[in-house]
Amino acid sequence: MLANHHDQTTLWVLGSNGWMPSDGRQTCCFLLEIAGELVLLDAGTGVANLSLVPQVPARHDRLHVLLSHYHLDHVAGLMYLKRFASHMRVDVYGPGRPVYERSTKDYLEDVLQPAVYSSGAHGFAYEVHYHDYGGADFMAGQLAVGVRPQRHSAPSFELRLGDELVYATDTSFDASAWANVAPAEVLLHECWQVGQGDPRHTSIEALTNGLPQDRFGRVLLIHQNPAWTAADRTQVGRTALAHGFELATDGMRVDLVHGL
Ligand SMILES: [Zn+2]
Ligand SMILES: [Zn+2]
29 MLANHHDQTT
39 LWVLGSNGWM
49 PSDGRQTCCF
59 LLEIAGELVL
69 LDAGTGVANL
79 SLVPQVPARH
89 DRLHVLLSHY
99 HLDHVAGLMY
109 LKRFASHMRV
119 DVYGPGRPVY
129 ERSTKDYLED
139 VLQPAVYSSG
149 AHGFAYEVHY
159 HDYGGADFMA
169 GQLAVGVRPQ
179 RHSAPSFELR
189 LGDELVYATD
199 TSFDASAWAN
209 VAPAEVLLHE
219 CWQVGQGDPR
229 HTSIEALTNG
239 LPQDRFGRVL
249 LIHQNPAWTA
259 ADRTQVGRTA
269 LAHGFELATD
279 GMRVDLVHGL
């Protein structure tokens with residue numbers, strides 16, 4: 029670890045889509061250098077975009093992968109880590125027991141079973157460890173991670189890293205749950221639809237109507253819907269712009285000022 033990276037927090041958007049890749053956007057994955065730790069928020073196909081910043085994984089010997097839930101668009105990229113993490117200890121933290129019937133290790137050993145992925149759930153890094161956070165706040169190395177339950181088709185969790193970053197994806201939007209939210213420098217929030225539709229997800233209107241935007245320095249819209257028409261995307265983009273939100277794009281880098 030180079031000393032000058034300890035104090036700087038940097039975020040790279042590696043995957044800004046939900047469900048499936050489309051038009052240059054991979055599925056949910058965000059890379060962070062924070063408090064001297066290397067973190068991935070979810071491990072969708074965006075893990076492949078570590079190829080855009082190979083120097084970042086190369087300067088760490090440990091990686092923490094924090095999972096919001098286990099849907100495939102959030103875990104499919106674990107197998108791509110083999111290209112970037114062969115020198116690293118990787119710790120994967122998922123909800124697990126008691127909010128799910130089985131542990132994070134159980135689910136990911138199924139997803140990455142050798143008949144499906146030859147390296148298996150323990151072969152994509154130098155060492156792999158699985159942990160259940162069970163819906164409660166936890167430590168990832170030196171990093172305190174705040175956890176809040178969300179409403180989705182399977183239990184999913186909002187993850188907060190102090191006053192720097194909040195990650196909220198695969199959730200319907202409940203304005204009352206955000207009324208007293210503590211400030212943070214960056215909010216990554218899903219934006220899945222225009223108008224009413226899927227009750228497991230969030231619309232652009234729900235965000236513009238109910239999000240207390242003044243609590244956040246920047247709001248980046250993620251888990252974008254690959255099924256949006258060009259007209260949908262234009263409408264989301266215009267509405268986002270009018271409210272000071274940004275549509276995240278793969279490869280986007282955000283240098284947080286906190287901790288400098
Ligand atoms: Zn998803
Ligand atoms: Zn999901």
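In this text, residue positions in the sequence shown follow my numbering: the first is 29, and each later residue adds one.
Ideal placement from N, C-alpha and C gives every residue a C-beta, glycine not left out.
{"Query": "Proximity test, Asp198 beta-carbon vs ligand 2 heavy atom, cut-off 6 Å", "Result": "yes"}
{"Query": "First and last residue of the uninterrupted alpha helix (DSSP H) at His102", "Result": "Leu100 to Val103"}
{"Query": "Same chain, Cβ closer than 6 Å to Val215, five either side skipped, listed in chain order", "Result": "Rather than Val, the amino acid found at residue 215 in this sequence is Leu. Excluding positions up to five away in sequence, the list reads Val194, Phe244 and Val247."}
{"Query": "Segments of 3+ residues assigned as beta strand (DSSP E) that fall wholly inside the region 144 to 203", "Result": "155 to 160, 166 to 168, 171 to 178, 184 to 189 and 193 to 196"}
{"Query": "Straight-line Cα distance separating Val144 from Glu137", "Result": "10 Å"}
{"Query": "For Asp101 and Asp51, the rounded distance between their alpha carbons", "Result": "16 Å"}
{"Query": "Cα-Cα separation between Gln141 and Pro254, rounded to whole angstroms", "Result": "28 Å"}
{"Query": "From His180, Ser181 and Phe166, residue whose alpha carbon lies closest to that of Gly174", "Result": "Phe166"}
{"Query": "Contact the region 148 to 158 vs the region 109 to 120: 3+ CB pairs below 8 Å", "Result": "yes"}
{"Query": "Range of the contiguous alpha helix (DSSP H) that encloses Ala268", "Result": "Ala258 to Ala270"}
{"Query": "Residue nearest to Gly238 in terms of C-alpha spacing, selected from Gln54, Glu61, Asp202 and Leu95", "Result": "Asp202"}
{"Query": "Short Cβ contact (7 Å threshold) for Phe112 with Leu78", "Result": "yes"}
{"Query": "Boundaries of the beta strand (DSSP E) in which Asp119 is found, first to last residue", "Result": "Arg117 to Gly122"}
{"Query": "Best match in Trp47, Ala207, Tyr108 and Pro123 for proximity to Gly148 [C-alpha to C-alpha]", "Result": "Tyr108"}
{"Query": "beta-carbon Gly46 near ligand 1 non-hydrogen atom, thresh 6 Å", "Result": "yes"}
{"Query": "Rounded C-alpha distance that separates Asp283 from Tyr135", "Result": "34 Å"}
{"Query": "Rounded separation between Gly124 and Leu80 - CA only", "Result": "31 Å"}
{"Query": "Reference Ala259; option with closest CA among Val222, Thr37 and Leu95", "Result": "Val222"}
{"Query": "Alpha-carbon to alpha-carbon, Pro85 and Ala63", "Result": "15 Å"}
{"Query": "Run of the alpha helix (DSSP H) containing Asp134, from where it starts to where it stops", "Result": "Thr132 to Val139"}
{"Query": "C-beta atoms of Gly46 and Ala71 nearer than 7 Å", "Result": "no"}
{"Query": "Exposure label - Asp278; buried when at least 16 CB within 10 Å", "Result": "buried"}
{"Query": "Near ligand 1: Asp278 beta-carbon under 6 Å from a heavy atom", "Result": "no"}
{"Query": "Through-space distance from Arg228 to Ser200, alpha-carbon basis", "Result": "5 Å"}
{"Query": "Pair within 7 Å by beta-carbon distance, Ser184 and His92", "Result": "no"}
{"Query": "Coil, strand or helix - Ser44 by DSSP", "Result": "coil"}
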